[in-house]
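Trainee:
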Amino acid sequence: MDRRRFLISAAASLGIPGVTLAQSGRGGGDKNLIVLLAVGGWDVTFCFDPKLGCTQPDGSSCFIEGPEVDQVQSNPDDREAVQTFGNIPVMVNPAKRPAVGEFFSAWHHRSHVINGIWTGSIAHDPCRYRLLTGTPDGTKPDLATIHGFTNGGSRPLGSVDLSGWSISGPLAASSGRVGHNSQIKALLDPDTNFRAPPQAPFNYPLYAPKQGDQAAIEDYLASRAEELKQRFGGSAANDLALLNLVESVDRGKRFTEQAAGILDTLTIGQESRFFDQLDMAVDLIDQSVCRAVTVDTTYDWDTHDVNAGQHGYYNGLFGGLSHLMEQLESRGLLDNTVVAVISEMTRTPLRNAGGGKDHWGHTSAMLMGAVQGDRVSGATDHYLESIPVNLATGEVDDAGGDYNKYDNFCAGVLELVDVDPEEWLPNVVPFRGAHPS
Amino acid sequence: MLPIVAVATLVACGDDSTGNQAKKPAPTDTTLTVDSVVDTDTTTDTTEPVVPGEATELSEVEHLVRVSLTLRGVRPSPTEVEAVLADPAAIDTLVDEWLASEAFGETVKDLHAELFLLRTDTTYQLPVLGPLTAAGYSQAEVHHSTVEAPLELVREVVVDDRPYGEILTADYTVANAVVADIYGLPYDRELGGWQHTHWTDGRPQSGVLSDSEMWRRHVSNAANFHRGRANFVSRTFLCEDIGGRDVFVEGGVDISDELAVAHAVSTDPGCVGCHNVLDPLAAFFWGYKEQLKRGAINSAYDMDCEWDWEDGPNPRDPYRIEHWCYPLKFYDVAEQDGWDTWGLKPPAYFGQPGRDAVDLGWMMREDPRFATCTVRNVWSWMTQTPRDEMPPAVVTELQQVFIDSDQSFQELARAIVLHASFRRLDVTPASDGTIEPSVSLLSLRPEMWTRTIEDLTGFRWVANEDGPSCATPSNICWESVDLANSDLYGYRSMFGGVDGMTVTHPIHTPTPTKMMALEALAHDAAGYVVLTDFALPAAERRLLTEVEVDTTDESAIRSQLAWLNLRILSQPVAPDSADVDALYTLYTAAGGGDSGWSTVLAAMLQDPALVLF
Chain A
58 MDRRRFLISA AASLGIPGVT LAQSGRGGGD KNLIVLLAVG GWDVTFCFDP KLGCTQPDGS
118 SCFIEGPEVD QVQSNPDDRE AVQTFGNIPV MVNPAKRPAV GEFFSAWHHR SHVINGIWTG
178 SIAHDPCRYR LLTGTPDGTK PDLATIHGFT NGGSRPLGSV DLSGWSISGP LAASSGRVGH
238 NSQIKALLDP DTNFRAPPQA PFNYPLYAPK QGDQAAIEDY LASRAEELKQ RFGGSAANDL
298 ALLNLVESVD RGKRFTEQAA GILDTLTIGQ ESRFFDQLDM AVDLIDQSVC RAVTVDTTYD
358 WDTHDVNAGQ HGYYNGLFGG LSHLMEQLES RGLLDNTVVA VISEMTRTPL RNAGGGKDHW
418 GHTSAMLMGA VQGDRVSGAT DHYLESIPVN LATGEVDDAG GDYNKYDNFC AGVLELVDVD
478 PEEWLPNVVP FRGAHPS
Chain B
865 MLPIVAVATL VACGDDSTGN QAKKPAPTDT TLTVDSVVDT DTTTDTTEPV VPGEATELSE
925 VEHLVRVSLT LRGVRPSPTE VEAVLADPAA IDTLVDEWLA SEAFGETVKD LHAELFLLRT
985 DTTYQLPVLG PLTAAGYSQA EVHHSTVEAP LELVREVVVD DRPYGEILTA DYTVANAVVA
1045 DIYGLPYDRE LGGWQHTHWT DGRPQSGVLS DSEMWRRHVS NAANFHRGRA NFVSRTFLCE
1105 DIGGRDVFVE GGVDISDELA VAHAVSTDPG CVGCHNVLDP LAAFFWGYKE QLKRGAINSA
1165 YDMDCEWDWE DGPNPRDPYR IEHWCYPLKF YDVAEQDGWD TWGLKPPAYF GQPGRDAVDL
1225 GWMMREDPRF ATCTVRNVWS WMTQTPRDEM PPAVVTELQQ VFIDSDQSFQ ELARAIVLHA
1285 SFRRLDVTPA SDGTIEPSVS LLSLRPEMWT RTIEDLTGFR WVANEDGPSC ATPSNICWES
1345 VDLANSDLYG YRSMFGGVDG MTVTHPIHTP TPTKMMALEA LAHDAAGYVV LTDFALPAAE
1405 RRLLTEVEVD TTDESAIRSQ LAWLNLRILS QPVAPDSADV DALYTLYTAA GGGDSGWSTV
1465 LAAMLQDPAL VLF
């Protein structure tokens, strides 16, 4: 039995979904996925879901405080307005968030905004699990990991986590992390070493095998793995563990060979910056190191104290998104890459006593690239709560529609990157509003 | 005037698992026939004996390795291996010894660090300012002291074999000098170390339920009103994840009216299901500040720990700026009835009224769910399986062990590692389809990894990435960081561990970055052994006890290799065995001498048998 089929049968018997001949790295899909996280909960009224002039059914004003409350009247440029780019109405402010308008002006035709995603919780981690995995379970693999595992093909890794927030679960053997402070650098670059303590009588590395010795070690370890398989193999779980070990060694080697140059901008001891993460993400995909990457804006969107911080964050986010789209287009990747910009929740309609906003169990998302562009799907009401939609079209359907829940959204994203969502989110109707027609 | 209560106070429960209320499916027509309801065939007795499934069991030594790593994070010594080979029953005695060892205490702390998500070295560090600077503490000391304090309380209860529930009811807290200075606790500096002490701010003393680091890690912002803390307690100690349920509120609540919100959580069907339990549980935690963050402390010191009243009212009223200067005031008795101020439910534990955290601790300790959840938590950690997948029969069995032993964590641990299923690697189904429980291959945890390597080689993989000016103006020096057990600079979460913040669940499978990190550590550890062992007399060495760097005698080298196989891989082999042949080939191909030994040790210290057990 060859190794690939070995994995398939082992994983299938463990009930790990989606592991079929087509989807265990041989999914055949050629889409890439970049999951871009705005961690902490963005205020959607600042951009995606404008509520300026919102009224209740009785005609009275909505109880929603958007970015307009921060306007400095003495500055005539500091004005909130709803501007429609193509078919996408967006909240803009040329003084505070110029990058938002610039982005939509250039890229509205490749962007799809989804409003009114129901998150099912108002706590950070439960919401993050839901929006990333489509389940409330923090041990299940997330979108990037699933896609990388299924469609990674012969790439060293299926997915790479540059953000620190990705959830790989049982598919971790196909994914890689760079570390909170870029510590992967020391593992990739033989010229990058940690500093031994001052009192230590040595420097690192303490041993660096010659090429021939390294090869001999690898051969020895491979034979040892085979011995272990002979001893402990025979059950699905154990076979999978042993295969993951062997494949992880192989993946690690290939990742080291292919990714070292790409991750040069990393500096040990420092978190990677947002724009650097975007560049690395494009490089990793462009150079076929992986199929999916998770990126973090690095802003703390959890503005309980000063909601006005959202202005700067949105401006930074959209400056990055413009850069990302330019990079993807210039590399010829835009047509087969889906970028999913997600935040685990939005913020309350009203501000708290401290001028901040608290958590709200709904959110928006934006998909870019290989999606149906120049559209908005879904909506929220005058309470900033999700309105039912037609999951097939994304059109609001208050009377007969369904809520676009976190699992519907995730199932839809999986379909967009040619992963069968039924294997991972059984009986969940995918949200197809952003699917290319 | 009360601030407007945002609807974020709501942690409402949906009344259906999908939350899709807008569209309900049509009822299905089901017509039952008499034949489909009544089994009319009563003539045949088909009882057959059940043929049990086939089990693959670990050998005595393999089981010993598994138990040793699980209980104390290191492999068995050659003496221990030989004892079990001579008498398999010797493992019982060894387990007793290991449960009494310091190493088991460290394992207990590791387990609870993961359960409580406490060892977060990438964020939330208290700054070194004021008296902490005067005392000469480093950032590393402040971090390690604060996160280890509640773990030390747990460790002591377990190692002393007191009822485990005491972690919830202890009428003391545990502190070292650093923690004592941070919170102003009584402390005997001559005695030093970790000591029993008590909180002086009026908070109820009830084990980890009163620990400041627990509530620093598990914050409760704004109108959350301690519900997050309540859910943490319920999820962690009772296995009841109230907040993990989907939240569905239809139609909205008048968010401009805080009384409407308080009314909704008590009467709205979509809210009551969770809030009837959650809010009274949360009421036990009023008194604690929402959070205690580095930025607030820095700001307080910038203001010289005193609000300038010429600037108007204190924006943090009723808190005082000086609360954020050392010693920190994390609990305020004046706030402990805040639930009443906000029209919320009084403290109660699943319907049973209580007064404070002391009552809460005792009610939890005596709740059967605490016993069951403890069993699940410990089994889950030791077998590296989800706690809700624990076989029901094993839950029942081990719960009884735990209860009958008066909540002895040690007895529970013993029962787990000596349970038949813990030695059973795999089993096929019986003829009736039932499957006996088994525990498949386990994966080396980062804490085990660092202890194993240090135990074998004397090497700790530490690095110092501090800048030259890290000590001033506020000490941010982390000094020597254990690369195998840190996320600040090291590979803990990349090795499958949790960092407590972004990575909240461990990974129990080999991964590419895990194997890359393992290789790097193995290389450095191998080089360390060759560097240090050959500089010492043979009797003082860790591994290379039978040869010198210039030894060329094949029999001596083979004898050394056989001993390394026993020590590192716990496998007794003969010097002329195939195992030693392979190692000898590795040694000679590398040119022998220090290069040969480095190569051999680098290979053995990343052997698959170390990674999976």
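For the record, the sequence lines run as chains A and B. Using our numbering, read the first sequence as starting at 58 and increasing by one per residue. Using our numbering, read the second sequence as starting at 865 and increasing by one per residue. Glycine included, every Cβ here is placed at the ideal spot set by N, Cα and C.
1. According to DSSP, simplified to helix, strand and coil, what is Gly233 (chain A)?
2. When DSSP labels each residue in this structure, what does Trp1173 (chain B) get in the three-state scheme?
3. According to DSSP, is Trp417 (chain A) helix, strand or coil?
4. Given that Leu1430 (chain B) touches chain A, what residues does it touch there, using C-beta distances under 9 Å?
5. Let me see if you follow: with CB-CB separation under 8 Å, is Tyr1353 (chain B) close to chain A or not?
6. Verify the CB distance criterion: does Ala229 (chain A) have a CB-CB separation below 8 Å to chain B?
7. Whole alpha helix (DSSP H) runs in the stretch 1041-1093 of chain B with 4 or more residues, listed along the chain?
8. Hey, is Tyr1392 (chain B)'s beta-carbon within less than 8 Å of any beta-carbon in chain A?
9. For Met1254 (chain B), which residues in chain A fall below 9 Å Cβ to Cβ?
10. Which of the three DSSP states, helix, strand or coil, is assigned to Val1413 (chain B)?
11. Rounded to whole angstroms, how far is the Cβ of Ala1044 (chain B) from the Cβ of Arg1091 (chain B), which I believe are closer than 8 Å?
12. Determine the extent of the alpha helix (DSSP H) in which Gly173 (chain A) is found, giving its start and end residues.
13. Whose CA, out of B:Val1111, B:Trp1150, B:Met1227 and B:Ala1473, lies closest to the CA of Gly1134 (chain B)?
14. Could you compute how far the alpha carbon of Pro991 (chain B) sits from the alpha carbon of Leu1192 (chain B)?
15. Scan the stretch 1095-1108 of chain B for residues whose Cβ lies nearer than 7 Å to a Cβ of chain A and list them as they occur along the chain.
16. When the Cα atoms are used, what is the spatial distance from Pro445 (chain A) to Phe1214 (chain B)?
17. Name the residue from B:Glu1012, B:Val1437 and B:Ala1454 whose alpha carbon lies nearest to the alpha carbon of Val945 (chain B).
18. Buried or exposed, going by whether 16 or more other CB atoms sit within 10 Å of the CB of Phe259 (chain A)?
19. For chain B, is any of its Cβ atoms less than 8 Å away from the one on Asn238 (chain A)?
20. Residues of chain B with CB under 8 Å from Pro114 (chain A), in chain order?
21. Quick check on the DSSP output: the alpha helix (DSSP H) that includes Val938 (chain B) runs from which residue to which?
22. Tell me the DSSP secondary structure of Leu1476 (chain B) in three-state form.
23. Do the stretch 962-979 of chain B and the stretch 993-1002 of chain B touch if we need at least three Cβ pairs shorter than 8 Å?
24. By how many angstroms is the C-alpha of Asp1290 (chain B) removed from the C-alpha of Ala1257 (chain B)?
25. Keeping to the same chain, check which residues put their C-beta closer than 6 Å to that of Asp905 (chain B); ignore five residues upstream and five downstream.
26. Here's the rule I'm using: 16 or more other beta-carbon atoms within 10 Å means buried, otherwise exposed. How should Ala1198 (chain B) be labelled?
27. Measuring from the CB of Gly236 (chain A), is there a heavy atom of the ligand PLP at a distance below 7 Å?
28. Who are the near neighbours of Gln240 (chain A) in its chain, counting only those whose CB is closer than 8 Å to its CB and skipping five residues on each side?
29. Can the beta-carbon of Val101 (chain A) be found closer than 8 Å to that of Thr420 (chain A)?
30. When we look at the beta-carbon of Lys888 (chain B) and count the other beta-carbons within 10 Å, is it buried (16 or more) or exposed?
31. Indicate whether the contact test is met: 3 or more Cβ pairs, each with one atom in the stretch 125-132 of chain A and one in the stretch 426-445 of chain A, closer than 8 Å.
32. Within the same chain, show all residues whose beta-carbon is closer than 6 Å to that of Val1393 (chain B), passing over the 5 residues directly before and after it, in chain order.
33. In the DSSP assignment, what residue or residues form a beta bridge with Ser1459 (chain B)?
34. Can you list the residues of chain B that Leu285 (chain A) reaches, using a CB-CB cut of under 8 Å?
35. According to DSSP, what are the bridge partners of Thr403 (chain A)?
36. Could you check which residue in A:Pro155, A:Asn409, A:Asp248 and A:Arg308 has the C-alpha nearest to that of Asn1085 (chain B)?
Mentor: Taking the definition as stated:
1. Working through the first sequence from its first residue, we reach residue 233 (chain A) at position 176. Gly233 (chain A): strand per DSSP, three-state reduction.
2. Taking the second sequence and counting its residues from 1, the one referred to as residue 1173 (chain B) is at position 309. Residue state, collapsed to three classes: helix.
3. One-based indexing of the first sequence puts residue 417 (chain A) at position 360. Strand, per DSSP.
4. Within the second sequence, the letter at position 566 stands for residue 1430 (chain B). The premise fails here: Leu1430 (chain B) is roughly 16 Å from chain A at the closest Cβ pair, so nothing lies under 9 Å.
5. Residue 1353 (chain B) sits at position 489 when you count from the first residue of the second sequence. True, the Cβ-Cβ gap to chain A drops below 8 Å.
6. The residue you call residue 229 (chain A) lines up with position 172 of the first sequence. It does: the Cβ of Ala229 (chain A) has a partner Cβ on chain B nearer than 8 Å.
7. Counting whole runs of 4 or more residues, the stretch 1041-1093 of chain B contains the alpha helix (DSSP H) stretches 1041-1047 and 1076-1081.
8. In the second sequence, the residue the question calls residue 1392 (chain B) occupies position 528. Yes, its Cβ sits closer than 8 Å to a Cβ of chain A.
9. Position 390 of the second sequence, counting from 1, holds the residue named residue 1254 (chain B). Result: empty, since nearest Cβ-Cβ is about 15 Å, beyond 9 Å.
10. Counting from one through the second sequence, the residue named residue 1413 (chain B) turns up at place 549. Val1413 (chain B) falls in the coil class under three-state DSSP.
11. In the second sequence, counting from the first residue as 1, residue 1044 (chain B) sits at position 180. In the second sequence, counting from the first residue as 1, residue 1091 (chain B) sits at position 227. That belief does not hold up - the Cβ atoms of Ala1044 (chain B) and Arg1091 (chain B) are roughly 31 Å apart, past 8 Å.
12. Working through the first sequence from its first residue, we reach residue 173 (chain A) at position 116. Looking at the DSSP string, Gly173 (chain A) is not in any alpha helix (DSSP H); the run it does join, the beta strand (DSSP E), is Ser168 to Trp175.
13. Position 270 of the second sequence, counting from 1, holds the residue named residue 1134 (chain B). Ranking the options by Cα distance to Gly1134 (chain B), first place goes to B:Val1111.
14. Position 127 of the second sequence holds residue 991 (chain B). Position 328 of the second sequence holds residue 1192 (chain B). Distance from the CA atom of Pro991 (chain B) to the CA atom of Leu1192 (chain B), rounded to whole angstroms, is 12 Å.
15. Gly1107 and Gly1108
16. The sequence position of residue 445 (chain A) within the first sequence is 388, counting from 1. The sequence position of residue 1214 (chain B) within the second sequence is 350, counting from 1. The straight-line gap from Cα to Cα measures roughly 35 Å.
17. For this step, residue 945 (chain B) is matched to residue 81 along the second sequence. When only C-alpha atoms are compared, the closest one is B:Val1437.
18. Translated into the one-based positions of the first sequence, residue 259 (chain A) becomes position 202. Classification for Phe259 (chain A): exposed.
19. Your numbering for residue 238 (chain A) matches position 181 in the first sequence. True, the Cβ-Cβ gap to chain B drops below 8 Å.
20. For this step, residue 114 (chain A) is matched to residue 57 along the first sequence. Those within 8 Å of Pro114 (chain A) in chain B number zero; the least Cβ separation is about 12 Å.
21. Position 74 of the second sequence holds residue 938 (chain B). Val938 (chain B) -> no alpha helix (DSSP H), and no H or E assigned at all.
22. In the second sequence, the residue the question calls residue 1476 (chain B) occupies position 612. Three-state result, Leu1476 (chain B): strand.
23. no
24. The residue you call residue 1257 (chain B) lines up with position 393 of the second sequence. The residue you call residue 1290 (chain B) lines up with position 426 of the second sequence. Using only the alpha carbons, I get a separation of about 17 Å.
25. Indexing the second sequence from 1 puts residue 905 (chain B) at position 41. At Asp905 (chain B), the pLDDT of 46 sits below 50, so the modelled position is not reliable; the number obtained from the coordinates is stated separately. Counting only Cβ-Cβ distances below 6 Å, and skipping sequence neighbours, we find nothing.
26. Here residue 1198 (chain B) corresponds to residue number 334 of the second sequence, with the count starting at 1. When all chains shown are included, Ala1198 (chain B) counts as exposed.
27. Although the ligand PLP was asked about, the structure shown includes no ligands whatsoever.
28. In the first sequence, the residue the question calls residue 240 (chain A) occupies position 183. These residues qualify, in order along the chain: Ile325.
29. Residue numbering aside, residue 101 (chain A) sits at position 44 when the first sequence is read from its first letter. Residue numbering aside, residue 420 (chain A) sits at position 363 when the first sequence is read from its first letter. Their beta carbons are under 8 Å apart, which means Val101 (chain A) touches Thr420 (chain A) by this criterion.
30. Position 24 of the second sequence, counted from the start, is the residue given in the question as residue 888 (chain B). Bear in mind that a pLDDT of 29 at Lys888 (chain B), under 50, signals an unreliable position, so the number given afterwards is only what the model happens to contain. Within 10 angstroms of the beta-carbon of Lys888 (chain B) lie fewer than 16 other beta-carbons, which makes it exposed.
31. no
32. Position 529 of the second sequence, counting from 1, holds the residue named residue 1393 (chain B). Its chain contains Thr1321, Leu1407 and Leu1465 as the residues whose beta carbon lies nearer than 6 Å to that of Val1393 (chain B), once the 5 sequence neighbours on both sides are disregarded; these appear in chain order.
33. On the second sequence, residue 1459 (chain B) is found 595 positions in, with the first residue counted as 1. According to DSSP, which records beta bridges pairwise, Ser1459 (chain B) is partnered with nothing at all.
34. On the first sequence, residue 285 (chain A) is found 228 positions in, with the first residue counted as 1. Those are Pro1472, Ala1473 and Leu1476, listed as they occur along chain B.
35. Taking the first sequence and counting its residues from 1, the one referred to as residue 403 (chain A) is at position 346. DSSP lists A:Trp417 as partners of Thr403 (chain A).
36. Walking along the second sequence from the start, residue 1085 (chain B) turns up at place 221. Out of A:Pro155, A:Asn409, A:Asp248 and A:Arg308, A:Asn409 has the C-alpha closest to the C-alpha of Asn1085 (chain B).
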